[in-house]
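Visitor:
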Amino acid sequence: MLIRIVSILFPLFAITALGYFVGRRMKPDLSHANKLNMDVFVPALVFGALVGKDFRLGEWLVQPTLGRISREGTSVRLRPQLIDVLVCLASRPGQTFSKDELLAAVWPGQFVVDSAISRSIAELREALGDDAYQGRYIETIPKRGYIGAKRYIRW
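Counting along the sequence shown from 1, when you hit position 35 you're at 35 in the numbering used here, and nothing is skipped either side.
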């Protein structure tokens, strides 16, 4: 029994110790890993935490868990991707989301063309009664991405 435990644990400790000593000696540059962590994983964690929370977007009540938006007795069901795009934009109100960030958050690990984002934004605007030129709820920043209007989002 003791031999079995050692045979399992020894390789783990050996690999950990080897990694520690190599890291101390070589001083690897981890700036790329840190940038990836801050740009992709942290927003994904925030997005994941907010998916289950209801919030207000102007006069609309957005209910992500139910997949709908409603106001004044009117309820509109949205595709899950549309809700995810809306939650994603609302998670950082007033800040630009690039198309790559939206792709990573809403369609992780899937091959999706950029037009899917444009189409999703257009469908959201239609459902919200928003306008691409006025951008009351969703503002387009040409060649950069999209912004969820800060003054209308309340968690």
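Cβ atoms here follow ideal geometry from the backbone N, Cα and C, with glycine treated the same way.
1) Who pairs with Q148 in a beta bridge, going by DSSP?
2) Between the C-alpha atoms of S115 and Y20, what's the straight-line distance to the nearest angstrom?
3) Using DSSP's beta-bridge definition, name the partner residues of R79.
4) So, is G148 buried or exposed, given that buried needs 16 or more other C-beta atoms within 10 angstroms?
5) Using C-beta distances below 8 Å, list every residue in its chain close to R144, excluding the 5 sequence neighbours before and after it, in chain order.
6) Where do the N-terminal and C-terminal ends of the alpha helix (DSSP H) with F21 fall, by residue?
7) Quick one: give me the first and last residue of the alpha helix (DSSP H) that V106 is part of.
8) Three-state secondary structure (DSSP) at S86?
9) Using the rule of at least 16 other Cβ atoms within 10 Å of the residue's Cβ for burial, across every protein chain shown, is S91 buried or exposed?
10) Whole angstroms are fine: how far does the CA of V22 sit from the CA of P28?
Guide: A quick look at the data gives this:
1) Residue numbering aside, residue 148 sits at position 148 when the sequence shown is read from its first letter. As written in the sequence, residue 148 is Gly, which differs from the Gln given in the question. BP columns for G148 point to I138.
2) In the sequence shown, residue 115 corresponds to position 115, counting from 1. In the sequence shown, residue 20 corresponds to position 20, counting from 1. Roughly 45 Å between the two C-alpha positions.
3) The residue you call residue 79 lines up with position 79 of the sequence shown. Beta-bridge pairing links R79 to no other residue.
4) Along the sequence shown, read from residue 1 onward, the residue named residue 148 stands at position 148. Here G148 is buried. Its C-beta has 16 or more other C-beta atoms within 10 Å.
5) Along the sequence shown, read from residue 1 onward, the residue named residue 144 stands at position 144. Counting only Cβ-Cβ distances below 8 Å, and skipping sequence neighbours, we find T96 and S98.
6) Locating residue 21 in the sequence shown gives position 21, counting from the first residue. Start and end: L2 to M26.
7) Translated into the one-based positions of the sequence shown, residue 106 becomes position 106. Element bounds for V106: K99 to V106.
8) In the sequence shown, counting from the first residue as 1, residue 86 sits at position 86. Per the sequence shown, residue 86 should be read as Leu rather than Ser. If DSSP states are grouped into helix, strand and coil, L86 belongs with the helices.
9) Against the sequence shown, residue 91 aligns to sequence position 91. The residue is buried, with at least 16 neighbouring Cβ atoms inside 10 Å.
10) Taking the sequence shown and counting its residues from 1, the one referred to as residue 28 is at position 28. Taking the sequence shown and counting its residues from 1, the one referred to as residue 22 is at position 22. Spanning the two alpha carbons is a distance of roughly 9 Å.
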